[in-house]
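Numbering-wise, this note's numbering puts 93 at position 89 of the sequence shown, and it's gapless, one number per residue. Just so you know, even glycine gets a beta-carbon here, dropped at the ideal spot from N, CA and C. Working notes, structure below.
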Amino acid sequence: MAERLRRWFASILSILFGSTIIGACAPAYIGPPPVPVNTIKGQVKDKDSAQVIADIRVMLIINSYTNSESSYTNGAYSFYTHSTVAILAVEDIDGVTNGTYLPTNYTVTLPDNSSGFTTNIGILMTTNTNG
């Protein structure tokens with residue numbers, strides 16, 4: 005009976021401490037290498053006055069995927085992507101609140117960098133004089 009109890013206790017300890025040792029030696033990340041995250045950011049400004057423009061919808065289009073946000077009060081926008089080719093489509097969404105601007109599209113080819121990058125793209129909007 006004592007021998008049976010000793011073996012049972014030894015197996016419980018080996019399970020507890022064995023799994024702790026294996027867990028401590030295992031790598032923190034198992035799977036494919038992480039894909040670098042690239043940042044696209046900038047400011048939306050009036051082409052003529054160089055003043056920043058808020059509430060302009062900036063859309064990042066990659067293949068059939070679209071991500072959009074509105075420019076902040078300081079005209080800033082930013083996106084995170086893994087792609088190196090994208091389209092930035094820009095349109096005025098607030099009506100006449102801060103002027104009316106024509107829609108603009110930019111085709112963007114970003115550097116193919118394996119460690120990620122940040123690129124600044126300033127967007128200049130043209131005033132819509134027809135309404």
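Three-state class that DSSP yields for residue i in the structure shown
i     : result
VAL14 : Sequence inspection shows Ala at residue 14; the Val mentioned does not correspond to that position. Of the three classes helix, strand and coil, the one that applies to ALA14 here is helix, per DSSP.
Beta carbon of residue i nearer than 9 Å to that of residue j
i      : j      : result
THR77  : VAL94  : no
ILE125 : TYR105 : no
GLY84  : THR113 : Note on residue identity: the sequence assigns Tyr, not Gly, to residue 84. Against a cut-off of 9 Å, the Cβ pair of THR113 and TYR84 comes out as no contact.
THR131 : LYS45  : no
THR70  : ASP116 : no
Nonlocal neighbours in the same chain, by C-beta distance under 8 Å from residue i, ignoring five residues either side
i     : result
LYS49 : GLN55, VAL56, ILE57, GLY79, GLY126, ILE127, LEU128 and MET129
GLN47 : VAL56, SER75, ASN78, GLY79, ALA80, TYR81, GLY126 and ILE127
Option nearest residue i by Cα separation, candidates the options
i      : options                         : result
ASN134 : THR123, VAL100, VAL62 and ASN71 : VAL100
ILE60  : ASN71, ILE97, HIS86 and ILE66   : ILE97
SER68  : VAL41, ILE91 and SER53          : ILE91
SER53  : GLU73, ASP116 and GLY103        : GLY103
SER82  : PRO107, SER119, LYS51 and VAL41 : VAL41
Residues bridged to residue i [DSSP beta-bridge criterion]
i     : result
PHE83 : ILE44
VAL89 : THR113
Close Cβ partners of residue i (< 7 Å) along its chain, the five nearest in sequence each way excluded
i     : result
SER72 : ARG61, VAL62 and MET63
ILE66 : THR85, SER87 and ALA90
6 Å Cβ shell around residue i - same chain, five flanking residues per side excluded
i     : result
SER74 : ASP59 and ARG61
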